[in-house]
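K.L.:
Quick one: the structure is below, and I'll ask about it shortly.
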Amino acid sequence: MKREILTYVVKMLVVTGFIALIPLSCSKDRGAGSMGQIRLRFEEGSIAAVSKAVREDIPDTNDFILQITGPDGATVYEGPYGMSPETVSVRPGTCNVSIRSSEFSVPAFSAPLYGDDRCVLVPDGGVVDVSLSCTQLNSGIRLKIAPDFLTECPEAVLFVRGDDGQLMYGYSEKRVAYFLPGNISVVLKNPDKEQVLMTRTLEQREILTVNIDVVSGNAGKQDSGITVEVDTSRIWSDEEYVIGAESAKGDSPENAMSVSQAKSCAGEKDVWVCGYIVGGDLTSSATGISFSPPFGSATNIALASRGSVTDKSSCMSVQLPSGDVRDALNLVSNPELLGTRVCLKGDITAAYFGLTGLKNVSEFVIEE
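This note's numbering puts the first residue of the sequence shown at 15, with every later residue one more than the last.
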């Protein structure tokens with residue numbers, strides 16, 4: 015009888031223990047699922063610049079502010095696009111990718127805002143390629159004030175005003191004032207009163223030029239002395255400046271090829287290529303490239319489109335000829351250049367230490 019009871023107790027313990035293990039095992043399986051990955055690429059040439067009449071510098075995409083949030087809303091990465099990893103590991107699910115050329119919340123002169131927002135579904139253990147295509151997100155207005163205006167209205171001050179604030183527009187001002195899309199007004203302020211001359215609703219990417227004049231001798235006679243003319247020919251032209259255009263690409267540091275573009279241009283001579291110095295020691299490193307100091311070779315460096323790259327296949331090899339070029343760019347004497355953006359002029363070769371290479375470098379620019 016005692017033996018039967020003991021056998022029963024042992025069986026119950028075994029069964030109970032097995033049952034207790036089941037939820038633990040299932041919970042472990044759910045928590046051990048593979049992470050997904052987001053691989054980002056910026057489409058050069060996707061930025062719409064302003065019309066030639068008000069053309070401004072196109073910002074460097076490497077300086078754009080990138081933010082990636084995971085399915086739980088937590089921030090996975092936030093910082094410069096140029097310093098972001100080539101692939102970002104995230105938990106599977108719906109993730110949001112946002113990129114902006116700068117922070118913009120209040121009106122400012124010469125401050126076009128470019129950006130893009132993407133919502134992507136990342137599978138468990140999978141990789142999603144995200145192609146970022148930026149357009150302008152804010153709008154702008156520019157005043158052209160006739161010379162007689164200052165004479166006829168010496169005490170008056172012009173403002174451009176939106177829902178997010180206002181800017182004083184000086185008589186000699188030539189720049190575009192940028193606002194968030196919405197209603198924008200031109201306001202004339204005199205010591206004793208304020209007058210709204212006009213109000214327009216502007217959409218994203220719209221630039222409006224307004225000509226303001228005053229009828230001589232009538233500035234103090236009611237409101238008819240001031241005339242406002244909207245120059246509709248200046249409304250945003252949607253002109254595209256394709257950064258990645260092949261024609262004349264690489265003819266100057268300002269129009270240099272990126273590393274990815276240079277890889278498809280083997281055989282080109284005396285062209286400019288811009289990228290970040292990410293490593294060196296192409297001859298001595300066991301992995302083909304050393305991405306961290308100390309460095310032992312002064313004859314070569316590795317260039318990449320981002321300063322955070324640590325994958326050899328994403329790099330371009332650069333031969334440093336003896337002389338000023340080698341003295342200024344080698345990582346043995348100048349380890350502080352690691353992560354620095356440079357523009358180099360040379361000949362693109364199909365193979366140099368197993369990578370597309372740049373040889374015969376004759377000129378260089380080190381960006382601050």
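The C-beta atom is built at its ideal place from N, Cα and C for all residues, glycine as well.
Check the DSSP bridge columns for L157 and list the partner residues they point to.
P.N.:
The residue given as residue 157 occupies position 143 in the sequence shown. V224.
K.L.:
Note down, in chain order, each residue of its chain lying with its Cβ closer than 6 Å to the Cβ of G302, except the 5 sequence neighbours on either side.
P.N.:
By 1-based counting over the sequence shown, the position of residue 302 is 288. In chain order, K326 place their CB closer than 6 Å to the CB of G302, counting only its own chain and leaving out the 5 sequence neighbours on each side.
K.L.:
Report the CB separation of G5 from S319 in whole angstroms; it is logged as a contact under 8 Å.
P.N.:
Since the first and last residues shown for the chain are 15 and 382, residue 5 lies out of range.
K.L.:
Ignoring anything shorter than 3 residues or poking outside the stretch 296 to 368, list the beta strand (DSSP E) runs there in chain order.
P.N.:
314 to 318, 330 to 333, 355 to 366
K.L.:
Based on the DSSP secondary-structure assignment, which residues constitute the bridge partners of Y290?
P.N.:
On the sequence shown, position 276 is the one that residue 290 refers to. Answer by DSSP bridge pairing, in chain order: A318, R355.
K.L.:
Terminal residues of the continuous alpha helix (DSSP H) containing S274?
P.N.:
By 1-based counting over the sequence shown, the position of residue 274 is 260. Counting along the chain, the alpha helix (DSSP H) containing S274 begins and ends at 273 to 276.
K.L.:
If you draw a straight line from the C-alpha of N348 to the C-alpha of G107, how long is it?
P.N.:
Taking the first residue of the sequence shown as position 1, residue 348 is located at position 334. Taking the first residue of the sequence shown as position 1, residue 107 is located at position 93. One C-alpha to the other measures close to 44 Å.
K.L.:
Taking the beta strand (DSSP E) that D130 falls in, what are its first and last residues?
P.N.:
What you label residue 130 is simply residue 116 of the sequence shown in a count that begins at 1. Note, D130: beta strand (DSSP E), 128 to 136.
K.L.:
Mapping DSSP to helix, strand and coil, what is F118?
P.N.:
Counting from 1 along the sequence shown, the entry for residue 118 is found at position 104. Residue state, collapsed to three classes: coil.
K.L.:
Whose C-beta lies closer than 6 Å to the C-beta of T215 among residues of the same chain, with five residues either side of it excluded?
P.N.:
Indexing the sequence shown from 1 puts residue 215 at position 201. Excluding sequence neighbours, T215 sits near N197.
K.L.:
With a threshold of 6 Å on Cβ separation, who are the neighbours of L317 within its own chain once the five nearest residues in sequence on each side are excluded?
P.N.:
As a position in the sequence shown, residue 317 is number 303, starting the count at 1. Cβ neighbours of L317 beyond the five flanking positions: V273, G289, M330, V332.
K.L.:
For the beta strand (DSSP E) that L202 lies in, which residues bound it at each end?
P.N.:
As a position in the sequence shown, residue 202 is number 188, starting the count at 1. It spans 196 to 203 - the beta strand (DSSP E) in which L202 sits, taken as one unbroken run.
K.L.:
Roughly how many whole angstroms lie between the Cα atoms of A67 and Q275?
P.N.:
By one-based count along the sequence shown, residue 67 stands at place 53. By one-based count along the sequence shown, residue 275 stands at place 261. At A67 the pLDDT is 41, less than 50, meaning the model places this residue with poor confidence; the figure from the coordinates comes in the next sentence. Answer to the nearest angstrom: the Cα atoms are 30 Å apart.
K.L.:
Of the residues R355, F378, D227, F163, which one's Cα is nearest the Cα of M97?
P.N.:
Start at 1 with the first residue of the sequence shown, and residue 97 comes out as number 83. For the residues R355, F378, D227, F163, the minimum Cα distance to M97 belongs to R355.
K.L.:
Can you name the start and end residues of the beta strand (DSSP E) that G176 belongs to?
P.N.:
Counting from one through the sequence shown, the residue named residue 176 turns up at place 162. Taken as a continuous stretch (DSSP letters only), the beta strand (DSSP E) holding G176 covers 171 to 176.
K.L.:
Please state if the CB of V104 and the CB of G139 are separated by a distance shorter than 8 Å.
P.N.:
Taking the sequence shown and counting its residues from 1, one reaches residue 139 at position 125. Taking the sequence shown and counting its residues from 1, one reaches residue 104 at position 90. Their beta carbons are not under 8 Å apart, which means G139 does not touch V104 by this criterion.
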